[in-house]
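35 is the number of the first residue of the sequence shown in this note's numbering; add one for each residue after it. Think of the CB as a built atom: it goes at the ideal place given N, C-alpha and C, for glycine as much as any other residue.
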Amino acid sequence: MPNLAKVLKEVVQRLARKEIKTALNQLRREAAEQKRALAGMQRTVQKLTSGVLTGTAADAALQEADGRARITAKAVVGMRKRLGLSQAALAKLLGLNTQTVYQWEHKKGALTFRGTTRERLMELRTKSRREVQEQLAGLAGPARRGGRGRRRATRRRRARR
């Protein structure tokens, strides 16, 4: 009889282990699925918060609101020629370096801008050639004569005598 009890006990233990194993496997699968979902949600939250902090989401919303916001090198060249401006004059109007305008005109794809440059370019798009020329004349100010270089040269000549 002791053998029968022992055998029965082993059979029950084996069946119990088998049932527990299937239940645990199912729980492990569910836990792994939930971990994947949680990781995906964390990535989404991180992207959204970094977008809010840097302002990229707001910039993207502004670009979508204004259909003309995508500015390319070809658009800058066309606008500059339509307004009859040189690269230096366009740079002066926008308060930038001439090299910046040159690089915009030789870049491929959409241009990225810092600060209020995009708004200034968008304003410039709506102006006529005459308005731009008047604005440029206002920026130039009164014409200066190069008096210092001459004074120094005459002082040197006098000092030699």
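For Thr-106, no alpha helix (DSSP H) encloses it, and the DSSP letter there is neither H nor E. For Ala-144, DSSP records a beta bridge to Thr-106.
DSSP places Leu-119 in the coil class of the three-state scheme, outside both helix and strand.
For Tyr-136, the closest C-alpha among the options Met-156, Lys-108 and Thr-150 is that of Lys-108. The DSSP-derived three-state label of Leu-130 is coil.
Taking each of Gly-118, Arg-192 and Lys-69 in turn and checking the Cα distance to Arg-164, the smallest one comes out for Gly-118. Our two residues, Leu-155 and Gly-143, have alpha carbons roughly 17 angstroms apart in a direct line. Here the alpha carbons of Thr-78 and Ser-84 stand approximately 10 angstroms from one another. For Thr-151, the enclosing alpha helix (DSSP H) stretches over residues 151–160.
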